[in-house]
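One structure below.
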Amino acid sequence: MFGPILSPSSPRWRTPPLSQLLLATLGWLGTLAPSVAAEFTLDVGVVQRFGEQAGDRLVLEDGGQGTLTVTFEGGDGTTRTQQLDEFTLELRIQPLTEPVLEERVVLSTHRSFENAEQAAKDWRDRGVEVEIAQPSDIWQVWAARDVYQTPLLRRLLVETLNNQGLDIAYLQNQVRDRRYQAGWEVDGFRYNRDRVTVSASSGTIQVATDGVQRTYGGQMQLQPNAYGSYTLVNTVPLETYLRGVVPHEIGPTAPYAAVEAQAIIARTYAVRNLHRFAIDDYELCADTHCQVYWGLDNTVATADRAIAATSGLVLTYNNEPIDALYSSTSGGVTSPFEDVWLGESRPYLVARVDAPTSMWDLAAKPLDREANFREFMELKQGFNESTWNTFRWRESTSLQEMTEFLKRYYRRNNRSIDFSEVREVAIVERSPAGRVLKMTITTDTGIIEIPNDEIRNAFYPPISTFFYIDPIYEDEDERVLDGYTFIGGGFGHGVGLSQTGSYNLANLGQSSRDILEFYYPGTQLQPLDEISQFFAGRD
């Protein structure tokens, strides 16, 4: 979810142990490893948009120097297989017999899946059938293409929404007279196929593309996606998948209890988020829009041991996997879900001072008061993350840079740019946990409001929404504004487990259970077998 993190510079560890009303050891629960864990597989898009560029190329080999089995549909409709040492997929331009109109109604655009998911729910409540898409590094809510099938229906929908004052919906279209067709050659004959499955005699497949080479367990499928290109999907057992996630998310030198906590959270996150890419017929991605998944090339013994010790265990609330969000560094206070994203609060994702001892009373001195927030930001020691360079940060930017970044944000969101310059910026709403909920930008044509999760897209440099701003004056005497300094803390959204914070708790002797209860209060550990109803109906 957040990617590799760095080691602390000069750790200090001190705290009494956290008291828990939980079972004493995780090792005992490890003996209850359920059969569901061994049988549970995931479909992960490891190359999401193969075929967007004419020069795209995929080279697959057996990771153990064995043989690949390539399975595809023959020209007569029967299943065919080939045994190959190397399988190279390349593209050719294929003219279409007739131009094809590709058109969709984009209802809204979002920085995160979490906001797109809530927006999709809101659109459904209005009676609009929708689907969630990720055409690039942004998320969009589309009107369901199988419902709004004709140009007339799509235009009527946009017109109706505009008449209701919902003018953010728009038509996105292009006419294609050609396409990039995937294919491969064997003995001088080219096979053009949109779908092909590849397995390996060794059980591992090496994939090379764009100068990056990684080895994966399971098998691979090339399949079309919703954007006119292809996705290479890795079908992989859940526990094997975690070997490619855990060490890269928590870091290879993390203390063991933190690694166990990460293993449980990564497993929980995976099984909770199987619906993310329903539009493209797979389940998860392999980057920070989901969890970083780098396959089996750089596995770590400590992570493998933690995965095995916690096999099949997930964190639950009311017998369902929790929304297992986590980030690199909270900045000293974990964030409630609703401080960052749209949607209902999660009872287990709450504001908590991220320290082993009492450092601040949020009830007595809430951080939505600017004076309190600035006082809190002066505290540097005694937190779980105090020794990390992302715990506190300071970055400056000019009004000109802010203008260019804001225009880029508008273009990404298909919004017309009706301003020439940014003149002033202000924080107008902050949560009791300190997160910025809303900012305003005064331009030459008016005031623009930017809400919580979008702030990190619309502005540079904040790497979290836990900050305040100070003006920079070109001329102090005449108070000519030139830009702003962002003074902040944390890296990422700050919701749920802090990966850097978990290092400190683990080094202080806390167990993985203690760490999970600290960051997700009121949750419990359960084997997948006990919550199998959550996956009812899954293929």
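If you use numbering that gives the first Met the number 0, the sequence shown corresponds to residues 0 to 538, in order.
The C-beta atom is built at its ideal place from N, Cα and C for all residues, glycine as well.
Excluding the 5 residues preceding and the 5 following residue i in the sequence, name in chain order all residues of the same chain whose CB lies nearer than 8 Å to its CB.
| i | result |
| --- | --- |
| SER397 | ILE471, ASP481 and GLY482 |
| SER228 | ARG48, PHE49, GLY50, GLU51 and TYR179 |
| GLU473 | VAL479, LEU480 and ASP481 |
| LEU366 | VAL332, PHE372, PHE375, ARG429, SER430, PRO431, ALA432 and GLY433 |
| ALA137 | Ala is not the amino acid found at residue 137; the sequence shown has Ile there. Same-chain partners within the cutoff: THR108, HIS109, ARG110, ARG411 and ASN412. |
Suppose the cutoff is 7 Å on Cβ atoms and the five residues either side in sequence are ignored; what does the same chain contact list for residue i look like?
| i | result |
| --- | --- |
| THR30 | With a pLDDT of only 41 at THR30, under 50, the local geometry of the prediction cannot be trusted, and no value is derived from it. |
| TYR347 | TYR316, ILE321, TYR519, PRO520, GLY521 and THR522 |
| MET358 | VAL352, LEU378, GLY381 and PHE382 |
| VAL258 | VAL245, ILE249, THR301, ALA302 and ALA305 |
| LEU41 | VAL235, LEU237, TYR240, ALA269, GLU282 and LEU283 |
| GLN173 | GLU101 |
| VAL104 | TRP141, ALA142, TYR147, ARG153, LEU156, VAL157, ALA168 and LEU170 |
In the DSSP assignment, what residue or residues form a beta bridge with residue i?
| i | result |
| --- | --- |
| PHE188 | VAL185 |
| THR573 | The displayed coordinates of the chain run from 0 to 538. Any statement about residue 573 would go beyond what the structure contains. |
| LYS437 | GLU428 and PRO450 |
If you draw a straight line from the C-alpha of residue i to the C-alpha of residue j, how long is it?
| i | j | result |
| --- | --- | --- |
| LEU524 | ARG271 | 14 Å |
| THR208 | LEU241 | 22 Å |
| LEU88 | GLU369 | 57 Å |
| LEU106 | ALA168 | 4 Å |
| ALA285 | TYR292 | 5 Å |
| LEU496 | VAL479 | 42 Å |
| ASN326 | ARG154 | At residue 326 the sequence reads Ser, which differs from the Asn that was named. Taking the straight line joining both Cα atoms gives about 41 Å. |
| LEU231 | GLN220 | 6 Å |
| THR444 | ARG110 | 25 Å |
| ILE449 | SER334 | 19 Å |
| THR499 | ARG407 | 32 Å |
| PHE465 | GLU394 | 13 Å |
| PHE485 | GLY216 | 44 Å |
| ALA535 | ALA119 | 22 Å |
| ILE416 | GLU403 | 11 Å |
| VAL157 | GLN139 | 16 Å |
| THR252 | GLY508 | 16 Å |
Using DSSP with H/G/I as helix, E/B as strand and the rest coil, what is residue i?
| i | result |
| --- | --- |
| SER8 | Caution applies to SER8, whose pLDDT of 36 falls short of 50 and renders its modelled position unreliable; the value that the coordinates give is listed next. Residue state, collapsed to three classes: coil. |
| ARG455 | helix |
| ARG393 | strand |
| LYS120 | helix |
| ARG422 | strand |
| LEU95 | strand |
| LEU496 | strand |
| HIS288 | coil |
| SER326 | strand |
| PHE485 | strand |
| ARG213 | strand |
| GLY521 | coil |
| SER334 | strand |
| GLU102 | strand |
| PHE534 | helix |
| LEU527 | helix |
Can a CB atom of chain D be found closer than 7 Å to the CB of residue i?
| i | result |
| --- | --- |
| ALA535 | Looking at the structure shown, chain D is missing, and only one protein chain is on hand. |
Take residue i and list the residues in its own chain whose beta-carbon comes closer than 6 Å to its own, dropping the five residues that flank it on each side.
| i | result |
| --- | --- |
| PHE39 | LEU237 |
| THR389 | THR328 and PHE490 |
| THR70 | THR80 and THR196 |
| ASP296 | ARG213 and THR214 |
| GLN205 | GLU60, GLY62 and THR214 |
| ASP452 | ARG110, SER111, ASN114, VAL339 and TRP340 |
| ILE462 | PHE490 |
Please list the terminal residues of the continuous alpha helix (DSSP H) segment that includes residue i.
| i | result |
| --- | --- |
| MET376 | 369-376 |
| SER511 | 511-518 |
| TYR409 | 398-411 |
| PRO460 | Note, PRO460: premise wrong, no alpha helix (DSSP H); not H, not E. |
In the DSSP assignment, the beta strand (DSSP E) including residue i goes from what residue to what residue?
| i | result |
| --- | --- |
| ALA277 | Element bounds for ALA277: n/a, residue is neither H nor E. |
| LEU231 | 229-236 |
| TYR472 | 466-474 |
| ALA53 | It is not in any beta strand (DSSP E) - ALA53 carries neither H nor E in the DSSP assignment. |
| THR301 | Careful: THR301 lies outside any beta strand (DSSP E), inside the alpha helix (DSSP H) at 300-308. |
| VAL127 | Where VAL127 is concerned, there is no enclosing beta strand (DSSP E), given that its DSSP letter is neither H nor E. |
| GLN222 | 218-223 |
| VAL146 | Where VAL146 is concerned, there is no enclosing beta strand (DSSP E), given that its DSSP letter is neither H nor E. |
Is there at least one non-hydrogen atom of the ligand PLP closer than 6 Å to the beta-carbon of residue i?
| i | result |
| --- | --- |
| ILE204 | The ligand PLP is not among the ligands present in this structure, which contains no ligands whatsoever. |
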